[in-house]
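Okay, so here's the structure we're looking at.
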Amino acid sequence: MYKLAVILGLVSAVLSAPVDDTTTPVPIIKFEQDGPNPDGSYSFNYEGGNGVKADEAGSLVPSANSESGQAMSVQGSFSYTGEDGVVYKIVYVADENGFQPRGDHIPTSPPIPEEILKALEHNAAHPEENDIDAPKQ
(Lines of atoms letter the chains of each structure in order from A and count residues from 1; the text may use other names and numbers.)
(Lines give C-alpha, C1' and ligand atoms only; values in the text may rest on other atoms or scores of the structure.)
Protein backbone atom coordinates (compact mmCIF):
# COMPACT_ATOMS: atom_id res chain seq x y z
CA MET A 1 0.00 0.00 0.00
CA TYR A 2 2.87 2.34 0.86
CA LYS A 3 4.48 1.77 -2.57
CA LEU A 4 1.22 2.57 -4.32
CA ALA A 5 0.91 5.84 -2.39
CA VAL A 6 4.49 6.81 -3.27
CA ILE A 7 3.98 5.98 -6.96
CA LEU A 8 0.72 7.94 -7.11
CA GLY A 9 2.43 10.87 -5.38
CA LEU A 10 5.28 10.84 -7.89
CA VAL A 11 2.90 10.60 -10.84
CA SER A 12 0.80 13.50 -9.59
CA ALA A 13 3.94 15.59 -8.98
CA VAL A 14 5.15 14.97 -12.52
CA LEU A 15 1.76 15.74 -14.04
CA SER A 16 1.38 18.97 -12.06
CA ALA A 17 4.84 20.29 -12.97
CA PRO A 18 4.76 23.42 -15.15
CA VAL A 19 5.23 22.86 -18.85
CA ASP A 20 7.91 24.93 -20.55
CA ASP A 21 6.14 25.89 -23.76
CA THR A 22 8.87 27.19 -26.03
CA THR A 23 6.91 26.99 -29.27
CA THR A 24 6.22 30.31 -30.89
CA PRO A 25 2.78 31.00 -32.33
CA VAL A 26 2.54 30.75 -36.11
CA PRO A 27 1.10 33.91 -37.66
CA ILE A 28 -1.82 33.61 -40.05
CA ILE A 29 -0.86 35.40 -43.26
CA LYS A 30 -4.11 34.85 -45.12
CA PHE A 31 -7.55 33.51 -44.18
CA GLU A 32 -10.64 33.64 -46.38
CA GLN A 33 -13.96 31.94 -45.71
CA ASP A 34 -17.29 31.74 -47.50
CA GLY A 35 -20.14 29.99 -45.71
CA PRO A 36 -21.56 27.85 -44.52
CA ASN A 37 -24.24 28.98 -46.95
CA PRO A 38 -27.96 28.09 -46.85
CA ASP A 39 -27.45 25.54 -49.64
CA GLY A 40 -24.80 23.75 -47.55
CA SER A 41 -21.83 24.94 -49.58
CA TYR A 42 -18.71 26.48 -48.09
CA SER A 43 -15.12 27.28 -48.95
CA PHE A 44 -12.02 28.48 -47.18
CA ASN A 45 -8.33 28.98 -47.74
CA TYR A 46 -5.49 30.03 -45.52
CA GLU A 47 -1.76 30.39 -45.36
CA GLY A 48 0.36 30.28 -42.24
CA GLY A 49 3.65 32.02 -41.60
CA ASN A 50 5.36 28.61 -41.54
CA GLY A 51 4.41 27.91 -45.18
CA VAL A 52 1.40 25.72 -44.46
CA LYS A 53 -1.35 26.34 -47.04
CA ALA A 54 -4.81 24.85 -47.32
CA ASP A 55 -7.94 25.33 -49.37
CA GLU A 56 -11.22 23.46 -49.41
CA ALA A 57 -14.66 23.74 -50.99
CA GLY A 58 -17.69 21.64 -50.21
CA SER A 59 -21.24 21.34 -51.47
CA LEU A 60 -24.22 19.06 -51.26
CA VAL A 61 -24.63 16.70 -54.21
CA PRO A 62 -27.38 14.20 -55.09
CA SER A 63 -26.97 10.82 -53.41
CA ALA A 64 -28.83 7.55 -53.65
CA ASN A 65 -27.15 6.26 -50.50
CA SER A 66 -28.37 8.74 -47.88
CA GLU A 67 -31.77 9.27 -46.28
CA SER A 68 -31.90 12.92 -47.36
CA GLY A 69 -30.96 12.15 -50.96
CA GLN A 70 -27.91 14.39 -50.64
CA ALA A 71 -24.32 13.94 -49.55
CA MET A 72 -21.46 16.34 -48.93
CA SER A 73 -18.75 16.41 -51.58
CA VAL A 74 -15.51 18.15 -50.65
CA GLN A 75 -12.45 18.98 -52.75
CA GLY A 76 -9.33 20.54 -51.37
CA SER A 77 -5.59 20.56 -50.94
CA PHE A 78 -2.96 21.37 -48.38
CA SER A 79 0.80 21.70 -48.44
CA TYR A 80 3.59 21.96 -45.91
CA THR A 81 7.36 21.82 -45.74
CA GLY A 82 8.65 18.63 -44.16
CA GLU A 83 11.61 18.34 -41.81
CA ASP A 84 13.64 17.27 -44.87
CA GLY A 85 12.97 20.65 -46.54
CA VAL A 86 10.70 19.17 -49.21
CA VAL A 87 7.31 20.78 -49.85
CA TYR A 88 4.59 18.12 -49.66
CA LYS A 89 1.26 18.77 -51.37
CA ILE A 90 -1.85 16.66 -50.96
CA VAL A 91 -4.91 17.09 -53.17
CA TYR A 92 -8.03 15.30 -51.98
CA VAL A 93 -11.68 14.53 -52.53
CA ALA A 94 -13.93 13.49 -49.67
CA ASP A 95 -17.38 12.22 -50.53
CA GLU A 96 -19.60 9.15 -50.22
CA ASN A 97 -16.60 7.05 -51.23
CA GLY A 98 -14.45 8.31 -48.35
CA PHE A 99 -11.31 10.41 -48.15
CA GLN A 100 -9.23 10.04 -51.33
CA PRO A 101 -5.86 11.80 -51.09
CA ARG A 102 -3.35 12.11 -53.94
CA GLY A 103 0.21 13.31 -53.81
CA ASP A 104 3.57 12.50 -55.34
CA HIS A 105 4.82 11.17 -52.00
CA ILE A 106 1.77 8.98 -51.23
CA PRO A 107 2.35 5.34 -52.16
CA THR A 108 -0.07 3.76 -54.61
CA SER A 109 -0.93 0.12 -54.96
CA PRO A 110 0.86 -1.78 -57.71
CA PRO A 111 -1.11 -2.66 -60.85
CA ILE A 112 -3.07 -5.90 -60.82
CA PRO A 113 -1.03 -8.63 -62.56
CA GLU A 114 -2.30 -9.62 -66.01
CA GLU A 115 -2.84 -13.25 -64.92
CA ILE A 116 -5.17 -12.12 -62.13
CA LEU A 117 -7.10 -9.84 -64.50
CA LYS A 118 -7.55 -12.75 -66.94
CA ALA A 119 -8.77 -14.99 -64.13
CA LEU A 120 -11.26 -12.37 -62.97
CA GLU A 121 -12.55 -11.91 -66.52
CA HIS A 122 -12.91 -15.69 -66.91
CA ASN A 123 -14.79 -15.96 -63.61
CA ALA A 124 -17.15 -13.15 -64.61
CA ALA A 125 -17.81 -14.80 -67.99
CA HIS A 126 -18.42 -18.25 -66.43
CA PRO A 127 -20.36 -17.72 -63.19
CA GLU A 128 -21.68 -21.28 -63.25
CA GLU A 129 -18.13 -22.55 -62.61
CA ASN A 130 -17.91 -20.42 -59.47
CA ASP A 131 -20.95 -21.91 -57.72
CA ILE A 132 -19.33 -24.30 -55.26
CA ASP A 133 -22.72 -25.30 -53.83
CA ALA A 134 -24.04 -26.53 -57.17
CA PRO A 135 -24.26 -30.32 -57.51
CA LYS A 136 -21.43 -31.89 -59.51
CA GLN A 137 -22.43 -33.18 -62.92
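FYI, in mature numbering (1 follows the signal peptide of the UniProt record, and there is no 0) the residues of the sequence shown are -16 to -1, 1 to 121. Every residue, glycine too, gets a C-beta built ideally from N, C-alpha and C. Quantities reported herein were computed from a predicted structural model and do not represent experimental measurements.
C-beta atoms of residue i and residue j nearer than 8 Å
i, j, result
"residue 129", "residue 30", "Residue coverage of the chain in this structure runs from -16 to 121, which leaves residue 129 outside it and unanswerable."
"residue 62", "residue 74", "yes"
"residue 44", "residue 19", "no"
"residue 58", "residue 71", "no"
"residue 10", "residue -8", "no"
"residue 80", "residue 49", "yes"
Three-way DSSP call (helix, strand, coil) for residue i in this model
i, result
"residue 38", "strand"
"residue 90", "coil"
"residue 96", "coil"
"residue -5", "helix"
"residue 85", "strand"
"residue 107", "helix"
Cα-Cα separation, residue i to residue j
i, j, result
"residue 168", "residue 21", "In the structure as shown, the chain begins at -16 and stops at 121. Residue 168 is therefore absent and cannot be evaluated."
"residue 66", "residue 28", "23 Å"
"residue 6", "residue -13", "34 Å"
"residue 52", "residue 17", "26 Å"
"residue -1", "residue 8", "23 Å"
"residue 47", "residue 106", "33 Å"
"residue 89", "residue 64", "12 Å"
"residue 13", "residue 3", "28 Å"
"residue 93", "residue 69", "26 Å"
"residue 124", "residue 97", "Because residue 124 is not part of the residues shown, which for the chain are -16 to 121, the question remains open."
My parser needs the beta strand (DSSP E) runs of 3 or more residues fully inside the segment 36 to 81; what are they?
37 to 46, 54 to 65 and 71 to 79
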